[in-house]
Amino acid sequence: MSALTALRSRRFLATWWPWRSLAFLVTSIPLIVVTAAALGLFAAPWIVLIRRLGTGRTDALEALLLFVAGAVLLGGLGPLVAWPLAGLERRRLRLADDRFLRLSPSRWRRFGYAVLLVTIVPVVYGVLAFIEILIVVLALSPWLVDQGPISFGIIIIATASEAVPYAVAGVIALASMPYLVAVTAGAHAAAARALLHTGSGEKLRAELVEVSRSRARMADAFEAERRRIERDLHDGAQQKLVGLTLQLGLAKIDLPEGSPAAAPVATAHRQAKELMGELRELIHGIRPQVLTDLGLPAALRDLAGQTPMPVDVHTELPSRPPEHLEATAYFVVAEALANVAKHSGAARAAVEARAEDGTLVVEVRDDGRGGADLERGTGLVGLADRVAVADGRMLLASPLGGPTMIRVELPWPRK
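Take any residue in the sequence shown, note its place counting from 1, add 751, and you have its number in the working numbering.
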C-alpha cells in the first residue's frame, strides 16, 4: 500500500498515512541537501562554465574543456553517490510506500534518481510549501493584518473585515493540507519506485523464486468434495453430537449426586462438549463462516485480528472471486500469518489482495528476519501445492535480514 492508494480510503485522516507522508517529506530535505552538495561538487566545471557564459568571458576551447570535465566527473563519480543513496531510499520509502522494493542493479537508474532528487523534487516541494503557507496565512489573515497590509499580488488585504472571506476560505482549505502532503509524498515515492525498482516486466522474477509446486487441474472436483465433507460434518455428525450432548446433560441432571453412574456420565458429558468444540473448529477450518457469508476482505480482516501482531489489510477487489479462489487465498494467508507469528520475529505484517490483469494477486509481507527456507518444514511447499490446484503459482522473496514476501497469483478471468 502507498500514500496514493491510502487516499482512496474514507478513513484516511484517521490513519497514520498523513503523518507518515509528512515524515517522508521532512526527511527528504537533508537528503536533498547532502546529495546536491555532492553532485554540485562534481558539477563544479559546469557551474563555472555557466558563469563564464553569462559574463561572456570564455572562448570555445575553454568552454569545451569545462563541459568535458563536468561530464567526466558527473558520469564517473556521480553513480558512486547514487549507490548508497538508493540503499537509504529503499528503507526510507517505506514511509510513503510499504510495498516490496528490490533495487535495480543499474547504476544509471540510481544516478537518474539522484538527479531527480536534486532538480525536480525541490521544485515540487517548494510549490507545496508555498501552497501550505498561503493556506495558513489566509486562515490567520484577520490577526496578521494588524501587523500591516497583506499582499497577494493584485489582492491587498488592509483591514480585518476585508480578511474575513479569505480567512473562511483558508480555514476550509486547511482540511486539504494532509491530502496535499500525501499526494506529494506518494508522487515522490512513485517516481523513486519507477527508477529504483528492478523493473516490472517479469513481476519480481529477479528476486522472487518460484516455489516448486505440483501441477493439478482438479479445482472443481476439489471444491465439490470440500463442500460435501463440510455438509456431511455440519448436517450429520455435528447434529448427532449435539443430540448426544443434550441427552448426556439430561441424564446427568436425573442421576442422584454420589451415585455410581454420576461420575462416568458427567465425564462423558464433558468429553462430548469438548468433542463438539473440536468438530466446530474442524468445520471452521474447512471453510470459515465469515468467508462464506461476507467474502474474502472480511475474512482477511478477521484473520488479521486473530494474529498476535499488528497486520495491515488492504483489498481492492471489483467483485467477489469464485469460491475456490476465495478459499485458496484465505488459507494461504492463514498459513503465511501463522508462519510469521512462529518463525519471523516480525513486529508488523501486511496483507494485500487485488485484481490485476485477470489475476487475483494476494501478497503477505512482514518486517522480520527473513531467510525463509523451504527445507525447514515451514509448510510453504504445501501451500504451493494448494495454489497449484487452482492453476496458480506462489512466489517467495525472503533475503536474510528481511523483509519476507509471499505472493500468490491465481487466474481470475472475468467477463
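Where a beta carbon is used, it is the ideal one built from N, C-alpha and C, also for glycine.
Closest by CA to A1141, which one among V1062, G1153 and T1079?
It is T1079.
For the beta strand (DSSP E) holding E1086, just list the boundary residues, first then last.
First-last for E1086: E1074 to N1090, but that is the alpha helix (DSSP H), not the beta strand (DSSP E).
Can you tell me where the alpha helix (DSSP H) with R861 in it begins and where it stops?
Here the alpha helix (DSSP H) through R861 covers R858 to L895.
Quick check: what's the CA-CA separation for T766 versus A1097?
Those two C-alpha atoms are separated by around 21 Å.
To the nearest angstrom, how far is it from the Cα of P893 to the Cα of S760?
Going by the C-alpha atoms only, they are around 34 Å apart.
Using a Cβ-Cβ cutoff of less than 7 Å, which residues in the same chain neighbour L773 once the five nearest sequence positions on both sides are dropped?
Closer than 7 Å at the Cβ level, and outside the excluded window around L773, lie V932.
Going by the CB atoms, is the gap between E1114 and R1144 shorter than 7 Å?
Contact: no.
Use the C-beta contact count for E953: other C-beta atoms within 10 angstroms, 16 or more gives buried, fewer gives exposed.
Only weak support is given to the placement of E953: the predicted model assigns it a pLDDT of 43, under 50, and the value that follows is read from those uncertain coordinates. When all chains shown are included, E953 counts as exposed.
Could you have a look at T1168 and say whether DSSP puts it in helix, strand or coil?
A query on residue 1168 cannot be resolved here, the shown segment of the chain reaching from 752 to 1166 and no further.
What number of angstroms, rounded off, separates the C-alpha of L782 from the C-alpha of T870?
About 13 Å.
L790 and S855: beta carbons closer than 7 Å?
Cβ distance not < 7 Å, so L790 and S855 don't count as in contact.
Kindly indicate which three-state DSSP category E1067 falls into: helix, strand or coil?
In this structure, E1067 counts as strand in the three-state DSSP scheme.
Determine the direct distance from the alpha carbon of Y1081 to that of L1047, and round the result to whole angstroms.
Answer to the nearest angstrom: the Cα atoms are 7 Å apart.
Rounding to the nearest angstrom, what Cα-Cα distance links V922 and W834 in this structure?
Those two C-alpha atoms are separated by around 44 Å.
Using a threshold of 7 Å, state whether the C-beta atoms of P1150 and R1099 are closer than that.
Result no, Cβ atoms of P1150 and R1099 do not sit closer than 7 Å.
Do the stretch 1008-1027 and the stretch 1057-1073 meet, that is, are 3 or more Cβ pairs less than 8 Å apart?
Flag = no, the stretch 1008-1027 and the stretch 1057-1073 do not touch.
Keeping to the same chain, check which residues put their C-beta closer than 8 Å to that of A1017; ignore five residues upstream and five downstream.
Closer than 8 Å at Cβ, skipping near neighbours: K1003.
Less than 7 Å between the C-beta atoms of P1154 and R1116, yes or no?
In this structure, R1116 lies closer than 7 Å to P1154 by Cβ.
Given a threshold of 16 other Cβ atoms within 10 Å of its Cβ, counted over all protein chains shown, does D848 qualify as buried or as exposed?
It is buried - the Cβ of D848 has at least 16 other Cβ atoms within 10 Å.
The alpha helix (DSSP H) that contains A1106, what's its start and end?
That residue, A1106, is in no alpha helix (DSSP H); its beta strand (DSSP E) goes A1100 to A1106.
Using the Cα positions of L889 and L879, report the straight-line distance between them to the nearest angstrom.
Straight-line Cα distance between these residues: approximately 15 Å.
Please classify R762: does DSSP put it in a helix, a strand, or coil?
R762 falls in the coil class under three-state DSSP.
Measure the C-alpha to C-alpha separation of V1084 and L997 and round it to an integer number of angstroms.
Taking the straight line joining both Cα atoms gives about 37 Å.
Can you tell me the Cα-Cα spacing of P1039 and R1052, whole angstroms?
In a straight line, the C-alpha of P1039 is about 13 Å away from that of R1052.
Where in the stretch 899-951 do unbroken runs of the beta strand (DSSP E), each at least 3 residues long, occur, reported from the N-terminal end onward?
Listed in chain order, they are 901-903 and 906-908.
Give me, in chain order, the residues of the same chain whose beta-carbon lies closer than 6 Å to that of A911; leave out the 5 immediate sequence neighbours on both sides.
The answer, listed in chain order, is P893 and V896.
Let's test the definition: count the other Cβ atoms within 10 Å of the Cβ of G1119 and tell me whether it reaches 16, buried, or not, exposed.
Looking at its Cβ environment, which holds 16 or more other Cβ atoms inside 10 Å, G1119 is buried.
Is P900 buried or exposed, if buried means 16 or more other CB atoms sit within 10 Å of its CB?
So P900 counts as exposed.
Where does S1095 land, buried or exposed, given buried means 16+ other C-beta within 10 angstroms?
Flag for S1095 reads buried.
Would you list the residues sitting across from L854 in a DSSP beta bridge?
DSSP output for L854 lists H948 as bridge partner(s).
Within a Cβ cutoff of 7 Å, which residues of the same chain sit near A1049, ignoring the five residues on either side of it in sequence?
So the list reads V1041, once near-sequence residues are dropped.
In three-state DSSP terms, what is D848?
Three-state DSSP puts D848 in a strand.
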